[in-house]
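Under the numbering used here, the first residue of the sequence shown carries the number 22, and numbering increases by one thereafter.
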Amino acid sequence: MDYVNFITSINPVILAILLVVLLAGAYSHWVSH
């Protein structure tokens, strides 16, 4: 599976939202720990 083609085929806005959600989840988990 070519991740570069997969990522570029995704809408940049959707990708940005996913990144923010992942960062928020990781930060929340780190703080609660």
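Just so you know, even glycine gets a beta-carbon here, dropped at the ideal spot from N, CA and C.
Item: Distance CB(I28)-CB(L40) smaller than 8 Å; Value: no
Item: Euclidean distance between Cα positions of V34 and V42; Value: 12 Å
Item: Run of the alpha helix (DSSP H) containing N26, from where it starts to where it stops; Value: 24-30
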